[in-house]
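Everything below concerns the one structure shown next.
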Amino acid sequence: MLHWMRYFAGKAAQSVRQSVVMQLVAVTTIAVAVLVLAGLLTVLRNVDRVAAQWAHDARLIAFLADDVPPAELAAAADAARGWPGVVDVDTRTRAEARAELAAALGPDGALLESVDPAVVPASLELAVAADHADAAGRRALADRLRALPGIGAVDEVTYGADLLERLRGLRDLLRVGGLVVGLLVALAVVFIVSNTIRLALFARREELEIMQLVGATDGFIRAPCYLEGAFQGVAGGLLALALLTGLLRVLREEGGAALGVAVGGVPVEGLPPGLMAALVGGAGLVAVLASHLAATRFLRGERWD
Numbered sequence: 000m001l002h003w004m005r006y007f008a009g010k011a012a013q014s015v016r017q018s019v020v021m022q023l024v025a026v027t028t029i030a031v032a033v034l035v036l037a038g039l040l041t042v043l044r045n046v047d048r049v050a051a052q053w054a055h056d057a058r059l060i061a062f063l064a065d066d067v068p069p070a071e072l073a074a075a076a077d078a079a080r081g082w083p084g085v086v087d088v089d090t091r092t093r094a095e096a097r098a099e100l101a102a103a104l105g106p107d108g109a110l111l112e113s114v115d116p117a118v119v120p121a122s123l124e125l126a127v128a129a130d131h132a133d134a135a136g137r138r139a140l141a142d143r144l145r146a147l148p149g150i151g152a153v154d155e156v157t158y159g160a161d162l163l164e165r166l167r168g169l170r171d172l173l174r175v176g177g178l179v180v181g182l183l184v185a186l187a188v189v190f191i192v193s194n195t196i197r198l199a200l201f202a203r204r205e206e207l208e209i210m211q212l213v214g215a216t217d218g219f220i221r222a223p224c225y226l227e228g229a230f231q232g233v234a235g236g237l238l239a240l241a242l243l244t245g246l247l248r249v250l251r252e253e254g255g256a257a258l259g260v261a262v263g264g265v266p267v268e269g270l271p272p273g274l275m276a277a278l279v280g281g282a283g284l285v286a287v288l289a290s291h292l293a294a295t296r297f298l299r300g301e302r303w304d
C-alpha cells in the first residue's frame, strides 16, 4: 500500500511540475474564490459580535415629559431595581441632565443658558441582564417603565430596537449571501479543477492508453488525479486564508482606530481556526470531486466534447 501511495504521489507531483503555469492559475483562481467566501464569513462573524455586544450594552432610557422631584424619582428607581432582568438603575433629574450636558459641551456649555430647561428631560435608565437583552425582554421592560407610577408621563422609551433590528436584518442577508457565494465558490472550484485535470490527462493520453492496455484499472489511473486536485484545492484555500489574515492585519495596524469606530468599538476578529480548517478542507474535498468527474469523463472517452 505504501509503495502505491508513493507511486501515486510521484505521478501527481510530476503532473504539477509539468504544468506549473496552469497549476498557478488554478491555485490562484481557487484562492480568489475562497477569499471572497472567507471575507463574507468574516464580515458575518463580526456583525454577529457587534449585534451581541450592542444588545448587551444597550440600556433602556425613559425620558420623562415633566420634571420629577428627586425623592419620587428615587422611589421609582428602587421599584425598578426589583424587576427581573434589571441589573442597575440610574436616575437624572432635569437639573442633573442639564448639568451633565453643559459639562459635555465644555466651553460651549454657556449656550444652554438661552435654551428652555424643558428641552433637557429627566430620565430613568435601566441596565439589563444578558438573559433579558433580547427584543422581547427589552420590550416588556419598556412597557413596565411606561406604566411605572410616581414619575408622571413618559415621553419616550429608547433601547436601540431599530438599530438592533437593522443589524439582525443585515446578519440574515449576509447568511443568505454566504450560502449563495458558497455555492458559486464550489462551482468555480469544480470548473477550474476539472478542466485542469482534463488538460493533464489529455497531455498523458498515450501513456494512459498503454496503461489501460496492460491492465491498469480506472481507479489506478484516477488516484494521482485525486491527489493533484486535492493539492490545488488545499493550496488555494491556504493562500486565501493567508491573504485574508494579511489584509486584516493591515487594517488593524493602518486603520485600527477608524475600523474600531466603524464597528461600534468592538475589535475586528478573523475566522476561528475550526472554520478556517473547514474552508481549506472543503476546498480540497470539492477539488477531489471535480478530479473524479474529470477523470471519469476522460476514461469514458469524453475528451473535449
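For the sequence shown, the residue numbers in numbering that gives the first Met the number 0 are 0 to 304. We put the CB at the ideal spot given by N, CA and C, even for glycine. None of the values given here were measured: they were computed from a predicted structure.
For residue 98 and residue 69, the gap between their C-alpha atoms comes out near 15 Å. The beta carbon of residue 177 lies closer than 8 Å to those of 36, 39, 40, 43 in the same chain, with the five residues before and after it left out. Within the same chain, 25, 28, 29 come within 7 Å of residue 191 by CB-CB distance, once the 5 residues on both sides are set aside. In this structure, the beta-carbon distance from residue 285 to residue 185 falls below 8 Å. Within the same chain, 7, 8, 11 come within 7 Å of residue 226 by CB-CB distance, once the 5 residues on both sides are set aside. The stretch 206 to 220 makes no contact with the stretch 274 to 290: fewer than 3 CB pairs, one atom from each, lie closer than 8 Å.
Of the residues assessed, residue 94 falls on the exposed side of the cut-off, its CB having fewer than 16 other CB atoms within 10 angstroms. Under the three-state reduction of DSSP, residue 20 is assigned to helix. Distances from the alpha-carbon of residue 96 to those of 119, 214, 21, 220 put 119 closest. Assignment of residue 124 by DSSP, reduced to helix, strand and coil, places it in the strand class. Burial check for residue 201: the Cβ neighbour count within 10 Å stays below 16, so the residue is exposed.
For residue 59, there is no enclosing alpha helix (DSSP H); the residue is found in the beta strand (DSSP E) stretching over 58 to 63. Of all C-beta pairs linking the stretch 237 to 245 to the stretch 268 to 284, three or more are shorter than 8 Å, placing the two stretches in contact. Between residue 75 and residue 125, the CB-CB gap reaches or exceeds 8 Å. Listed as beta-bridge partners of residue 87 by DSSP are 126. Distance between residue 60 and residue 123, taken at the CA atoms: about 6 Å.
From the listed residues 297, 266, 18, 85, the smallest Cα separation to residue 138 is found for 85. Counting the other Cβ atoms within 10 Å of the Cβ of residue 22 gives 16 or more, which makes it buried. Judged by their CB atoms, residue 268 and residue 45 are nearer to each other than the 8 Å cut-off. For the pair residue 165 and residue 47, the CB atoms are not nearer than the 8 Å cut-off.
Straight through space, the alpha carbons of residue 4 and residue 274 are spaced by roughly 29 Å.
Assigned with DSSP and collapsed to three states, residue 92 falls in coil, not helix or strand. No Cβ-Cβ contact shorter than 8 Å links residue 196 with residue 210. Excluding its 5 nearest sequence neighbours in each direction, residue 174 has C-beta neighbours in its own chain below 8 Å: 43, listed in chain order. Around the C-beta of residue 90, 16 or more other C-beta atoms lie within 10 Å, and the residue is accordingly described as buried.
One thing to note: residue 242 has its Cβ within 8 Å of the Cβ of residue 34. Taking a C-beta distance under 8 Å as the contact criterion, residue 230 and residue 19 do not qualify as a contact pair. Note that the C-beta distance between residue 32 and residue 188 is below 8 Å. Residue range 272 to 298 is occupied by the alpha helix (DSSP H) that includes residue 295.
One alpha carbon belongs to residue 245, the other to residue 145, and they sit about 50 Å apart.
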